[in-house]
Amino acid sequence: MRTAVILLSLLAVAAVPGSVLPQRNVASDPQAVVRYFVQHPELAPWMDRLSLFNVYGSPWFAAIYLLLLVSMTGCVLPRCARLWRESRAAPPPAPRHLSREPEYASLTTAEPADQALETAAAALRRRRFRVRIVGDEVRAEKGYLRETGNLAFHLSLLVLLVGIAGGRLYGFEGRVAIAEGSSFTNVSAEYDEFFPSVWTDVEGLEPLSFTLDSFDAEFETDPAKLGEPRSFDARVSYESEEGSGTAQVKPNSPLDINETKFFLTGHGYAPEVTVRDGTGAVTFSGPVIFLPSDSNFTSDGVVKAPDAQPVGLGFQGLFLPTAATDGRGPVSAFPGPVDPQLVMTAFTGDLGMSDGTTQSVYTLDTTNLEPVLGEDGSPLRQPLAVGETMRLPDDQGSLTFDGVSRFANFQVAYDPGKEISLVAALLLLGGLTTSLVIRRRRLWVRVTDTAPAEGFVAVEVAMRSLTRRQLPAGDLEAVSLALRGPDTPNPSPSTQTHTQEPNR
Amino acid sequence: MTWDLLSDNLIYSAIAVYVLAMLAYAAETAARVNRGVEVTAEVTAEAPVAVGAGAPAAAPPSRVAPSSSTAGTPGARVGAVGSSLAVLGLLLNLAGVVTRGLAAERAPWGNMYEFAIVITMTAGATYLALLRRQPVRDLGAWIVGAIVLTLGLAVTVLYTPAGDLVPVLDSYWLVVHVAAAIISGGVFTVGALTTILFMVRQRHDARAARLGRTRGRYAAQLPTADTLSRVARGAHVFAFPIWTFAVIAGAIWAENSWGRYWGWDPKETWAFITWVCYAAYLHADATTGWRGSRASWFALAGYAAFVFNFFGVNMWIPGLHSYAGV
Ligand code: HEM
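Protein chains in written order, with this note's numbering: chain A, 1 to 504; chain B, 505 to 830.
So, in structure tokens, the structure goes:
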């Protein structure tokens, strides 16, 4: 047990740094580790070598819990064997001095000795003790379930490990942002981010596709909590091998298609724009996802029209659902689309999209681009309301802000070990509760004197707890009562009750 | 008056009544400490004699209140008044929680202010329930003191007007998970304070045995170390499965809203640390040689982790749970 205490303490201490330092595999802020490297250029690489940015996946963390599980198994299996033997053998013999037991009574009964033992045994069986009569004593024990619970609890930790491993080895996680009206097909290439495990069947993802038909969000308008989100609601129509249909996806209520689950975890705006090039032809049209940068959904985004003639066009700027300005420039004052505005700067030139390198759809590589300048010589930047158009000088093209749609972020998860973990958790909870609630105890009845008085037999009853909790009331009394009989006068009752806690 | 205003007023009244209860308890303790040194010193000195006198090795039942010899004294009467006031404070606290729920039209544990006013309720209820069966009135001043402190923080630093929840929190797993966390938190609070009193008493006893005389008049009139350790262990054993359930319910809820049941988010991590510390406590308490004050340190570490999770993680560590609203 000392080993368990030490290893458990180690485990607790080892879990701390991961909650204080930024972690690679923790969802909250993926950029945090990168920032930490920038802020601590000397220290960070060393810390990285010690896995301090991936504590819960680190070898030393694994070493602790694996050691713990190994030592636990080594401790528990022999106890399983012992419990098995104990539950089949007779309860152990009575100690010589029953009066030293924590609960004790001596009494006399009018029944003959073997009859008295039978009576006591019957009373104990009614109270669900395991009972044997051996010679002049009754041996009884109850509460084996306590040990069973304890073993179930400890072994459930191994089951839990299997469940966790299932997810870690075969599952995957992914993220994808989808604008209203757009569709998604479940192949790894369509994800914005895709994190497979070692043995994920990447080619064999669940065949399904869905379209985001609409997305609604509501925000608090009460000034005290202005702008707090109140409800999100995505409506999708999906097709899968199991059939097709429509579904409503909300926080805490994912779209679940044969164990692949789509959770709504975020949302934002996708302004609809039309870009015309110098020849007047439409080279881009549709919603463009802008990433929110604050809680009022001031959003950044880019629009790319690489095929525009005579020269490629790119736009970069802000979308503001409720336009306002503060000291530093335009910002949004409320997350809902009260007064939507698009504030874009235009660039011309080669967008670098034909040379085969992959580019983020959310940033514009401006190295080979020229900013379009306004009449005053500074970059042209024009706030647009819905329906307005920004025309570039010299007939280089235009951008029209057609309307506002939204996009939804989906976190996608497939974890085939989940059910196993759930079973383990239930086993853990049930076993733990059983082992803490049930009180295992032994009780003995012994005939000490067959003729203390004419027609009487003297009997001792004693009971001992095998756990550190107090004995429950009633067992000893029930046996005593059965022996005395309800209306037999008891010539010399003497009952002592100790409430001492036995040491095991 | 609107429900939320009524709720606020009830919480303020609860604080006032709890303060009075605390004063009454403190007065009782002061009275006992002042008159009781010789009396209690005698009792401790006598105990070994009684055992030596041939009674079975068992110590005499420690259920009897050590203060029973002083029952009926003015000090004890003040203490009884303290308990009545604590009950009244608890009822006001409960009413404040219920009206808060009516104001927000949901289970009233959706932000830190609400966690605070509910956890004081579960801590107070645990203490008063214990008091019916165990001689632990000495705990009263400390429990009620902790309650006053928490409620004070709640109405000043943590206060948020009643309102709706952000959508992720709108789940019945929230109700289940947080309710379990708060109940076990209340019981853990009682367990931790009892553990501290146990350690105080135990040190005092050890010193008395070594030096043959007692200093520390406060420690001398506490319930026996045996009683305190039994009460503390009982509280921890009761709360631990509930805490385990809270963690499991939290994992199920996380699976429901984020698609993974465990992600080592700081809140989850500290719940895990709390759990592991208490598991270490239970093991230490079952290890010969570690039982007693050495095991107690693990329980206190568990409680420290719990409190840090409640205050520290929400306020200082960014994570997915931080939207709980200070
Ligand atoms: C080195 C490995 C371990 C050993 C040798 C071990 C052994 C034991 C034993 C003998 C008990 C019975 C104590 C009693 O009846 O009071 C016990 C209880 C318990 N164990 Fe373990 N265990 C180990 C690992 C673990 C682990 C990894 C956990 C969970 C984190 C754990 C949690 C518990 C709990 C909660 C109890 C109940 C305590 C009680 O009944 O008072 N054990 N353990």
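We treat Cβ as the ideally placed atom computed from N, Cα and C, and that holds for glycine.
- C-alpha of A:Phe153 to C-alpha of A:Trp60: approximately 25 Å in a straight line.
- Neighbours of A:Gln411 in chain B, taken as residues at a C-beta separation under 8 Å, are given in chain order as Trp762, Gly763.
- The beta-carbon distance between A:Val372 and A:Ala346, rounded to whole angstroms, is 4 Å. This is short enough to meet the 8 Å contact definition.
- Burial of B:Pro612 is indicated by the presence of at least 16 other C-beta atoms within 10 angstroms of its C-beta.
- Cβ contact annotation for A:Lys250 (same chain, cutoff 8 Å, sequence separation greater than five): Ser231, Phe232, Asp233, Ala234, Leu264, in chain order.
- Excluding its 5 nearest sequence neighbours in each direction, A:Phe195 has C-beta neighbours in its own chain below 7 Å: Phe172, Glu173, Gly174, listed in chain order.
- Going by C-alpha positions, A:Pro287 is about 6 Å away from A:Val273.
- A:His267 sits buried, since 16 or more C-beta atoms from the chains shown fall within 10 Å of its C-beta.
- For A:His97, the secondary structure class from DSSP, reduced to helix, strand or coil, is coil.
- The same chain holds no residue with a CB closer than 6 Å to that of A:Pro93 once the five nearest residues on each side in sequence are set aside.
- Residue contact check for B:Pro639 against chain A: no CB pair falls below 8 Å.
- When Cβ-Cβ separations below 8 Å define contact, B:Phe702 makes no contact with chain A.
- The contact set of B:His787 on chain A, defined by CB atoms closer than 9 Å, consists of Met1, Arg2, Ala4, Val5, Leu8 in chain order.
- Shown here, A:Ser197 sits in coil according to DSSP, grouped into three states, outside any helix or strand.
- In the three-state reduction of the DSSP assignment, A:Gln359 falls in the coil class, being assigned neither a helical nor a strand state.
- The Cβ of A:Pro254 sits closer than 8 Å to at least one Cβ of chain B.
- Within 10 angstroms of the beta-carbon of B:Asn813 lie 16 or more other beta-carbons, which makes it buried.
- Annotated three-state conformation of A:Ala89 is coil, per DSSP.
- In the DSSP annotation of this structure, the continuous segment of the alpha helix (DSSP H) that includes B:Arg705 starts and ends at 676-715.
- Among the residues facing chain B, A:Asp415 is included, as its CB has a counterpart in that chain under 8 Å away.
- A straight-line Cα-Cα distance of about 41 Å links B:Thr630 and A:Arg168.
- Beta-bridge pairing by DSSP links A:Ala140 to A:Val131, A:Leu443.
- Only Glu220, Asp222, Ala224, Lys225, Glu228, Pro229, Arg230, Ser231, Phe232 from the region 214-241 of chain A bring a Cβ to less than 8 Å from some Cβ of chain B.
- A straight line joining the alpha-carbon of B:Asn818 with that of B:Trp757 spans about 18 Å.
- In the assembly as shown, B:Val648 is a buried residue. Its beta-carbon has 16 or more other beta-carbons within 10 Å.
- Here the C-alpha atom of A:Asn54 lies approximately 6 Å from the C-alpha atom of A:Gln23.
- For the set B:Leu514, B:Arg641, B:Pro745, the Cα lying nearest the Cα of B:Asn597 is the one of B:Leu514.
- In this structure, DSSP gives A:Gly397 an extended state, which the three-state scheme calls strand.
- Around B:Ser797, no beta-carbon contact reaches into chain A at under 8 Å, the shortest distance being about 14 Å.
- In the DSSP assignment, A:Gln115 falls within the alpha helix (DSSP H) that extends over 113-126.
- Contact between B:Leu643 and B:Leu697 holds: their C-beta atoms lie close to 6 Å from each other, under 8 Å.
- Beyond the five residues adjoining it in sequence on each side, A:Ser332 comes within less than 6 Å, by CB distance, of Asn296, Phe297, Thr298, Leu320, Pro321, Thr322 in the same chain, given in chain order.
- In this structure B:Ser511 touches B:Gly600 by the C-beta definition: roughly 5 Å separates them, less than 8 Å.
- A direct Cα-to-Cα measurement between B:Val694 and A:Arg464 gives close to 29 Å.
- At least 8 Å separates the CB of B:Trp646 from every CB of chain A.
- Within the region 736-817 of chain B, the complete alpha helix (DSSP H) runs of at least 4 residues fall at 770-789, 797-811.
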